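These protein sequences, in sequence, are chains A and B.
Residues 7 to 117 (my numbering) make up the first sequence, in order.
Residues 26 to 270 (my numbering) make up the second sequence, in order.
Backbone N, C-alpha and C fix where the C-beta goes; we use that ideal spot for every residue, glycine too.
Predicted, not measured: the structure shown is a model, and the values here were computed from it.
Everything below concerns the one structure shown next.
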Amino acid sequence: MATEYGPATVWGVMIALGVATFGIRASFVHLFGRIDEVPDRVTNALRFVPPAVFAALTLPAIVAPEGAIAIVGNERVAAAVVAAAVAWFVDDILATILAGMAAFWALRFGF
Amino acid sequence: MSRSLLPAEARRGLRDVAPILLGVAPFALVAGATAVDAGLSPLQAAGLSVIVFAGASQLAAIELLGDNAELLVVLATGVVINLRMLMYSASIAPHFRPFRSRWKALCSYVLTDQAYALSVTRYTGTDDLDSTARRQYYLAVAGSLWVVWQLCSLVGIVVGARVPPAWGLEFAVPLVFLSLLVPATTSWPKLVAAAVGGGVAVAGAALSVPLNLGLIAGGTAGVVAGVLADGRLPSDGDDADGGAH
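Written as structure tokens, this is what we have:
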């Protein structure tokens with residue numbers, strides 16, 4: 007695969023995508039600075055963004071890393087259980103990652 | 026303690042983000058190498074990385090450009106993949122509210138999954154961070170992600186280097202979100218939000234829903250489910266600090 011589009015076209019698409027992405031990122035950061043009071047119902051709903059999004063970012067990469075749901079024979083599931091336990095008891099990102107990666111490699115390479 | 030050139034919150038941000046950089050690095054290597062494989066010049070590949078700075082949409086744009094897809098399709102695909110950032114923008118906006126416009130613009134440019142996740146966790150865990158401290162923490166996290174992303178992209182562009190896939194270093198990224206998910210799930214309604222958000226996203230992955238729409242649908246469904254569960258399920262009162270904004 008190699009693009010047949012000319013340099014100007016490629017740059018144009020890249021810049022358009024960059025501008026659009028910046029617009030998405032800046033949208034509410036800019037908007038909330040302009041309106042006086044953010045409605046309570048909105049701030050109430052926004053409390054649920056972190057748990058909902060963190061779970062949506064996490065679970066597919068653990069239980070369906072290749073797209074299909076895989077529990078049996080998937081080292082990531084067991085490693086994630088170890089990492090979650092460390093996160094629960096230690097509440098430290100570095101410790102969680104080290105424990106999760108150590109469990110993952112131990113299962114995969116059978117140290 | 027020795028005096029440090031960096032403010033305390035910036036140092037804390039660097040410490041928190043350090044393990045995440047490990048998982049981001051191979052992703053950036055692959056993005057850089059793939060861009061060159063798709064026929065982009067080294068300058069274009071580096072430009073894409075700096076201009077867009079969003080890994081998943083970069084990879085999609087690279088693949089579609091390499092396949093000579095319609096330009097509108099390339100653009101629309103990249104935009105849809107980044108739509109999840111609307112949720113991050115809305116969620117983090119109250120914390121950025123006192124910032125001056127130029128800081129808001131800079132902070133928006135470097136807004137990523139990981140920068141959002143770490144910062145919103147830091148902000149909701151404490152009430153006594155003033156706006157300067159919030160900005161220092163955020164820019165330490167988001168800025169180092171930016172630097173490592175750009176440097177590793179460059180290595181990928183120049184060397185085409187790949188970390189052996191068997192190492193599974195990219196697994197560090199979901200582990201980061203897992204380590205933030207556990208302490209973020211402090212009440213029954215939040216547990217409902219996480220369960221629905223994660224469940225919908227897994228269904229999206231299993232059904233091969235394109236364009237990251239499974240993630241967007243999961244996030245949206247999770248927030249709706251959390252709001253619906255709120256008031257119907259006990260919140261244990263420990264939600265007060267989590268709902269600082």
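Cα-Cα separation between residue 54/B and residue 255/B, rounded to whole angstroms:
43 Å
Can you tell me where the alpha helix (DSSP H) holding residue 229/B begins and where it ends?
213-231
Nearest to residue 107/A (by Cα), restricted to the options 63/A, 31/A, 76/A, 68/A
68/A
Starting from residue 47/A, follow the alpha helix (DSSP H) in both directions and report where the run begins and ends.
46-52
Find out if the Cβ-Cβ distance for the pair residue 85/A, residue 207/B is shorter than 7 Å.
No, the Cβ-Cβ distance between residue 85/A and residue 207/B is not below 7 Å.
Exposure label - residue 102/A; buried when at least 16 CB within 10 Å:
buried
Check the Cβ of residue 69/B against every Cβ in chain A and list those closer than 9 Å, keeping chain order.
13, 16, 17, 20
Closer than 7 Å, CB to CB, is residue 247/B near chain A or not?
yes
Give me the DSSP bridge partner(s) of residue 258/B.
255/B
Nearest-angstrom Cα distance between residue 144/B and residue 245/B?
20 Å
Would you verify that the beta carbon of residue 270/B is, or is not, closer than 7 Å to some beta carbon of chain A?
Confidence at residue 270/B is low in this model, with a pLDDT of 36, below 50, so its placement is unreliable and the value that follows should be read with caution. So, interface residue.
Should residue 142/B and residue 205/B be called a contact, given that it needs their Cβ atoms to be closer than 7 Å?
The Cβ atoms of residue 142/B and residue 205/B lie closer than 7 Å to each other.
Identify whether residue 65/B lies in helix, strand or coil by the three-state DSSP scheme.
It is coil, neither helix nor strand.
Partner residues on chain B for residue 40/A, Cβ-Cβ distance less than 9 Å:
Identification of chain B residues near residue 40/A by a Cβ-Cβ cut-off of 9 Å yields none; the smallest Cβ-Cβ distance measures about 10 Å.
Would the beta-carbon of residue 63/A fall within 7 Å of that of residue 202/B?
yes
Residues of the stretch 76-108 of chain A whose Cβ lies closer than 7 Å to any Cβ of chain B, in chain order:
Of all residues in the stretch 76-108 of chain A, 82, 86, 89, 90, 93, 94, 97, 99, 100, 102, 103, 106, 107 have a Cβ within less than 7 Å of some Cβ in chain B.
Min CB distance residue 102/B to chain A below 7 Å:
no
Proximity of residue 104/B and residue 26/A at Cβ, strictly below 7 Å
Contact flag set, yes.
Is the separation between the beta-carbon of residue 230/B and that of residue 70/A shorter than 7 Å?
yes
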